[in-house]
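See structure below.
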Amino acid sequence: MHTLNPKPISHVNLNSSSVYLTTDYAAKVADFTSLSSTPIDPQTNYVYSFGVILYEVITGKVPDPYSPIKENKPARQLVDPTLKSFDENVLHKLWEVVMDCLNQCPEMKEVVGKLTEITGITEDAALPRPSWWAELEIITTEGT
C-alpha cells in the first residue's frame, strides 16, 4: 500500500484490531473510522505500527503502549506458547525486523525488502486475488 501512486488515504491508527484475515489468511485492513487525507510520516506511524502488529503475532501478547518494547530474551523464549512449531532461523530474522521497526524506524521499503528475503514471497505473489473482496463481502453479510 505504501508504494502505490497516488498514495491512498492513510490509516492513522493501524493496529491488530483493524486487521482481519480471510479464510486463506489474506490480511484485510479495516476500521477506517479515523482517516487522514494528509501525509503521515511513515517513519513514526506505519513502520512502528507494523512492528507492534508483528510483535503481537509472534508473542501472542499486546504490548504495553506506555512503555518501550525492549526484549532482552532470545526470540524463541518470546514466541506465543500456543504456536506448535516454527523455524527458529525465520523467527530470529522476523524478530530483528520487529526490533528495527520499534527502535530504529527504518524506511518501509527496507522492511518490505527484509520480509521478502525472509519469506520468499515476491511483490507479485502478495497482490490480492480478485476473489478476496467477494469472499470478505459474503462473510461480512453472513455475520449480520
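Going by UniProt numbering, the first residue of the sequence shown is number 1, and it counts up by one from there. Built from N, CA and C at the ideal position, the CB exists for glycine as well. Computed from a prediction, not measured in an experiment: that's the story for all the values here.
Straight-line Cα distance separating residue j from residue i
i      : j      : result
Lys93  : Lys114 : 9 Å
Asp124 : Arg76  : 31 Å
Met108 : Glu117 : 14 Å
Residue i (DSSP reduced to helix, strand or coil)
i      : result
Leu35  : In this prediction, Leu35 scores a pLDDT of 48, lower than 50, which makes its location untrustworthy; the coordinate-derived value is nonetheless stated afterwards. Here Leu35 sits in strand by DSSP.
Val112 : helix
Tyr25  : coil
When the options are compared against residue i, the one with the closest alpha-carbon
i      : options                        : result
Val47  : Glu71, Asn13 and Leu78         : Asn13
Thr82  : Glu110, Thr22, Val57 and Ser18 : Val57
Thr119 : Lys73, Lys84 and Leu91         : Leu91
Ala126 : Lys73, Lys28 and Asn45         : Lys28
Trp95  : Lys84, Val19, Pro74 and Thr22  : Pro74
Per-residue burial, residue i [other beta carbons within 10 Å of its own, 16 or more giving buried]
i           : result
residue 153 : This structure does not reach residue 153, given that the chain is present from 1 up to 144, and the question cannot be answered.
Ser49       : buried
Val111      : buried
Ile53       : buried
C-beta atoms of residue i and residue j nearer than 9 Å
i     : j     : result
Leu78 : Glu88 : no
Gln51 : Val98 : Strictly speaking, residue 51 in this sequence is Gly, with Gln absent from that position. Yes; because the gap between Cβ atoms is below 9 Å, this pair is in contact.
Asn15 : Pro68 : no
Tyr55 : Pro65 : no
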